[in-house]
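Here the structure is laid out as structure tokens; the discussion comes afterwards.
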Amino acid sequence: MSEQSRRPRRPAKPYRRPQRDPVRILAFEALRAVDERDAYANLVLPPLLRKAREKGDFDGRDAALATELVYGTLRRQGTYDAIIAECVDRPLREVDPPVLDVLSLGVHQLLGTRIPSHAAVSASVELARVVLGDGRAKFVNAVLRKVTQDDLDGWIARVAPSYEEDPEDHLAVVHSHPRWVVSALWDSLGGGRAGIEELLAADNERPEVTLVSRPGRATTEELLGEEAAERGRWSPYAVRLTEGGEPGAITAVQEGRAGVQDEGSQLVALALANVPVEGPDEKWLDGCAGPGGKAALLAALAAERGAVLLASEKQPHRAGLVAKALHGNPGPYQVIAADGTRPPWLPGTFDRVLMDVPCTGLGALRRRPEARWRRRPEDLDNFAPLQRALLRTAIDSVRVGGVVGYATCSPHLAETRAVVQDVLKQRPETELVDARPLLPGVPELGEGPDVQLWPHVHGTDAMYLALIRRTG
């Protein structure tokens with residue numbers, strides 16, 4: 102008998118069940134929904150958190166951590182992908198998407214949070230065992246241990262090209278934006294390194310929750326009674342929840358007397374409501390009203406002046422959201438489901454028209470970070486005919502002396518000035534109105550007459566507004 106055969110065998114390690122971590126499992130489920138169903142995190146996450154609270158799995162700190170894991174991972178996805186690519190032995194496209202989601206969550210904990218490295222790796226490997234199985238958990242463990250060899254700055258120095266070598270690609274990796282988005286935003290800003298760096302960094306910051314007190318139904322003073330609430334910077338109806346908070350727990354929001362609305366959206370509605378019109382001021386139109394935030398503010402302002410708002414939205418389910426937002430408005434209003442390019446109303450019907458057109462949403466990347474990875478340059482070509490058609494409809498719909506507000510939640514020049522210039526070339530009976538005086542106190546609004554707001558300058562989404570008067 103050989104020496105080896107006489108040695109006693111080591112007892113096999115007993116199998117240990119993986120530890121289920123509700124916070125990280127929920128974050129993984131949210132990322133899978135974003136990837137598999139093209140869902141948006143701001144729509145997926147709240148019901149998942151609510152269900153976890155109802156089951157007793159979560160407290161407030163758990164919800165905050167889950168939210169940070171989901172949004173932080175999505176915002177920094179481009180940077181993390183570049184780092185992971187350096188740590189795996191195959192092209193990133195050959196890594197199964199669920200495995201990549203677990204790795205990205207782990208990398209964010211290692212490089213984007215204060216969670217200790219050993220805890221971040223351990224928690225990620227346990228998550229992998231639960232959702233992927235033991236075999237792929239070993240792969241996750243090996244990759245994340247490589248990631249622990251450096252901090253975020255060190256990894257960026259390793260994976261990003263130098264600014265001098267390729268400025269756009271450098272910024273794309275450092276600030277986690279697709280290269281084409283970096284290029285487009287840079288063009289919209291008009292050049293300069295400082296501005297684009299500040300904008301891209303602002304896109305990766307967690308935005309404050311901003312409320313709107315709907316006139317005649319709630320006041321800012323009522324909302325300022327909430328914990329950690331401060332007045333908005335620019336809108337007289339805005340209140341900021343500086344420590345996040347749960348807006349759904351606020352009575353005025355529950356009752357529809359107030360809502361969650363970025364201050365940039367409030368300013369667009371206020372500018373249209375306050376621009377002088379010649380003649381009667383009785384009929385207002387929101388031609389792309391879903392999901393209803395601007396329509397609710399406009400309807401409340403219209404009611405104060407004895408005017409009526411017609412809110413039109415093409416998609417019936419979104420029209421339902423508009424109706425919900427306007428329910429309880431102090432004055433008369435109407436909500437319809439209609440195609441804004443083939444309107445059921447007669448030309449020249451309205452005194453004021455808002456057309457907040459569908460767009461790429463590049464102005465709201467703070468709130469919808471996954472949109473930067475979902476959009477493609479060709480989307481601009483798809484939106485362009487619709488945006489121009491809707492602006493032509495808006496001009497047709499307003500009477501002589503009335504005003505149209507053309508708005509987008511995108512600063513891309515192809516969706517803003519290019520649309521306005523193209524349409525107005527064909528409409529000699531129109532003129533641009535200087536929008537800047539209608540945003541009193543708001544600084545750095547450019548040369549006009551249109552207005553572009555910016556996250557890094559104004560703390561708002563990157564809303565664009567052009568005001569157009571019909572003169573004949």
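For any residue, its number in the working numbering is found by taking its place in the sequence shown, counting from 1, and adding 101. Glycine residues also receive a C-beta, built at the ideal position from the N, C-alpha and C atoms.
{"Query": "Separation of A515 from M564, as counted between CA atoms", "Result": "14 Å"}
{"Query": "Per-residue burial, T561 [other beta carbons within 10 Å of its own, 16 or more giving buried]", "Result": "buried"}
{"Query": "Supposed close pair G441, L491 - CB separation, criterion 8 Å", "Result": "5 Å"}
{"Query": "Option nearest P268 by Cα separation, candidates D251, D254, W287, V208", "Result": "W287"}
{"Query": "At least 3 beta-carbon pairs within less than 8 Å: the stretch 383–401 vs the stretch 452–462", "Result": "yes"}
{"Query": "Beta-carbon spacing of P337, L312 below 8 Å", "Result": "no"}
{"Query": "One or two residues paired with V505 in a DSSP bridge", "Result": "V454, I569"}
{"Query": "Identified DSSP bridge partners for Q435", "Result": "L411"}
{"Query": "Close-in-space but distant-in-sequence residues of the same chain around A164 (CB under 6 Å, 5 per side omitted)", "Result": "L150"}
{"Query": "Meets three-Cβ-pair contact criterion under 8 Å: the stretch 310–329 and the stretch 357–365", "Result": "yes"}
{"Query": "Contact set for R280: own chain, Cβ-Cβ below 7 Å, skip 5 residues either direction", "Result": "E269, D270, A273"}
{"Query": "Exposure of P486, with buried meaning 16 or more beta-carbon neighbours within 10 Å", "Result": "exposed"}
{"Query": "Exposed unless 16 or more other CB atoms sit within 10 angstroms - verdict on S205", "Result": "buried"}
{"Query": "Closest Cα partner of A408 within the set Y434, V244, R419, K415", "Result": "Y434"}
{"Query": "Contact the stretch 367–376 vs the stretch 537–545: 3+ CB pairs below 8 Å", "Result": "yes"}
{"Query": "Burial state of K604, where buried means 16 or more other Cβ atoms lie within 10 Å", "Result": "The first residue shown for the chain is 102 and the last is 573, placing residue 604 beyond what the model contains."}
{"Query": "Cutoff 7 Å; reference R246; Cβ partners in own chain excluding five residues on either side", "Result": "V222"}
{"Query": "Where the alpha helix (DSSP H) through A302 begins and ends", "Result": "294–304"}
{"Query": "Close Cβ partners of R419 (< 7 Å) along its chain, the five nearest in sequence each way excluded", "Result": "G391, P392"}
{"Query": "CB of H248 within 8 Å of CB of I184, strictly", "Result": "The identity of residue 248 in the sequence shown is Val, whereas the question assumes His. In contact: V248 and I184 (Cβ atoms closer than 8 Å)."}
{"Query": "At least 3 beta-carbon pairs within less than 8 Å: the stretch 455–475 vs the stretch 503–511", "Result": "yes"}
{"Query": "Proximity below 8 Å, CB of G502 to CB of G380", "Result": "yes"}
{"Query": "Local Cβ density within 10 Å of N375, reported as buried at 16 or more and exposed below that", "Result": "exposed"}
{"Query": "Stretch pair the stretch 223–240 + the stretch 193–212: three plus CB contacts closer than 8 Å", "Result": "yes"}
{"Query": "Helix, strand or coil at Q553 [DSSP, three-state]", "Result": "strand"}
{"Query": "Length of the line joining the Cα atoms of R477 and L466", "Result": "14 Å"}
{"Query": "Integer-rounded CB distance, given that V504 should sit under 8 Å from A568", "Result": "What sits at residue 568 in the sequence shown is Leu, not Ala. Going by Cβ atoms, the distance from L568 to V504 rounds to 6 Å, so yes, they are a contact pair."}
{"Query": "Secondary structure, beta strand (DSSP E): runs of 3+ residues fully inside the stretch 329–377", "Result": "330–332, 339–342, 359–361"}
{"Query": "Reduced DSSP secondary structure (H/G/I, E/B, other) of D535", "Result": "coil"}
{"Query": "Cα-Cα separation between D197 and A134, rounded to whole angstroms", "Result": "15 Å"}
{"Query": "Distance between F159 and N242 (C-alpha atoms, nearest Å)", "Result": "26 Å"}
{"Query": "Length-filtered (4 minimum) alpha helix (DSSP H) runs lying within the stretch 176–222", "Result": "178–188, 198–212"}
{"Query": "Span of the alpha helix (DSSP H), counted from its first residue to its last, around T321", "Result": "321–325"}
{"Query": "Contacting residues, own chain, Cβ-Cβ under 7 Å from V260 (five flanking each side not counted)", "Result": "A183, I184, E187, V274"}
{"Query": "Boundaries (first-last residue) of the alpha helix (DSSP H) holding A135", "Result": "Inspection of the sequence shows that residue 135 is occupied by Val rather than by Ala. Unbroken alpha helix (DSSP H) run through V135: 123–138."}
{"Query": "Contacting residues, own chain, Cβ-Cβ under 6 Å from E331 (five flanking each side not counted)", "Result": "R341, T343"}
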